[in-house]
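A.B. asks: One structure is given below, represented as structure tokens, and several questions about it will come after.
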Amino acid sequence: MTSRAAKPRKPAEGPLLEICYEFGFDAAHRFTRLPRGHKYRGLHGHSFRVEVAIRGTALPPHGFVTDFAKLEAACRRLHDRLDHALLNEIKGLENPSLENVCLWIWHWLILRFPKLARVTVRRDSLGQSCSYQGAG
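The sequence shown lines up with residues 739 to 874 when you count with the working numbering.
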């Protein structure tokens, strides 16, 4: 019987934490690919809530997973782009389903926050939500 030496483990970096930031926006959209007479084909609007989660360890010297000021600023840019917009007119949101809005926000944020863990988009008035946690 051959014994194998255990691989050395990396020292623990610290507890894995998840921080969240939430913002809202109001926007209109339509689904032109739906059949005539479908209740969502025509122009209509929603109030959306977005929750952004970043996962990681608290890093020295400040003890943050990420700087909330940077996350808030990025989300403010998203808000300004999406609020009171016709979502169909935004590049990449020509078919602005809840799922596609969630993915669009993820792809925009992951470029700025590599530790992005989850994006959830809600339409509370309808009891609907969509979450994406990345492909991995």
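Glycine included, each C-beta is placed from N, C-alpha and C at the ideal position.
Quick one, are the C-beta atoms of Ala791 and Arg850 less than 8 Å apart?
C.D. replies: One-based indexing of the sequence shown puts residue 791 at position 53. One-based indexing of the sequence shown puts residue 850 at position 112. The answer is no: Cβ separation not under 8 Å.
A.B. asks: Closest by CA to Gly762, which one among Glu810, Phe786, Gln871, Gln866?
C.D. replies: In the sequence shown, residue 762 corresponds to position 24, counting from 1. Of the candidates Glu810, Phe786, Gln871, Gln866, the one whose C-alpha sits nearest the C-alpha of Gly762 is Phe786.
A.B. asks: Where Arg819 and Asp805 are concerned, what is the direct C-alpha to C-alpha distance, given to the nearest angstrom?
C.D. replies: Locating residue 819 in the sequence shown gives position 81, where the first residue counts as 1. Locating residue 805 in the sequence shown gives position 67, where the first residue counts as 1. Approximately 22 Å, taken between the alpha carbons.
A.B. asks: CA-CA distance, Ile843 and Glu832?
C.D. replies: Within the sequence shown, numbered from 1, the residue matching residue 843 stands at position 105. Within the sequence shown, numbered from 1, the residue matching residue 832 stands at position 94. If you take the alpha carbons of Ile843 and Glu832, they lie about 14 Å apart.
A.B. asks: Is it the case that the segment 757 to 776 contacts the segment 812 to 831, given that we only count it when at least three CB pairs across the two stretches are under 8 Å?
C.D. replies: yes
A.B. asks: What is the rounded straight-line gap between the Cα of Asp821 and the Cα of Gly794?
C.D. replies: Locating residue 821 in the sequence shown gives position 83, where the first residue counts as 1. Locating residue 794 in the sequence shown gives position 56, where the first residue counts as 1. Distance between the alpha carbons of Asp821 and Gly794: 29 Å.
A.B. asks: Does DSSP classify His784 as helix, strand or coil?
C.D. replies: Here residue 784 refers to the residue found at position 46 of the sequence shown. Strand, per DSSP.
A.B. asks: The beta strand (DSSP E) with Arg856 in it runs from where to where?
C.D. replies: Numbered from 1 along the sequence shown, position 118 holds the residue referred to as residue 856. Here the beta strand (DSSP E) through Arg856 covers 854 to 861.
A.B. asks: What does the alpha-carbon distance come out to for the pair Gly872 and Lys829?
C.D. replies: Within the sequence shown, residue 872 is the residue found at index 134, counting from 1. Within the sequence shown, residue 829 is the residue found at index 91, counting from 1. Rounded to whole angstroms, Gly872 to Lys829 spans 21 Å at the Cα level.
A.B. asks: Could you compute how far the alpha carbon of Phe755 sits from the alpha carbon of Tyr778?
C.D. replies: Taking the sequence shown and counting its residues from 1, one reaches residue 755 at position 17. Taking the sequence shown and counting its residues from 1, one reaches residue 778 at position 40. Strictly speaking, residue 755 in this sequence is Leu, with Phe absent from that position. If you take the alpha carbons of Leu755 and Tyr778, they lie about 39 Å apart.
A.B. asks: When DSSP builds the beta bridges, which residues end up paired with Phe806?
C.D. replies: Start at 1 with the first residue of the sequence shown, and residue 806 comes out as number 68. Among the bridge pairs identified by DSSP, Phe806 is matched with none.
A.B. asks: I need the boundaries of the beta strand (DSSP E) containing Arg848, first residue and last residue.
C.D. replies: Locating residue 848 in the sequence shown gives position 110, where the first residue counts as 1. Going by the sequence as given, residue 848 is Ile instead of Arg. Bounds of any beta strand (DSSP E) do not take in Ile848; it lies within the alpha helix (DSSP H) bounded by 836 to 848.
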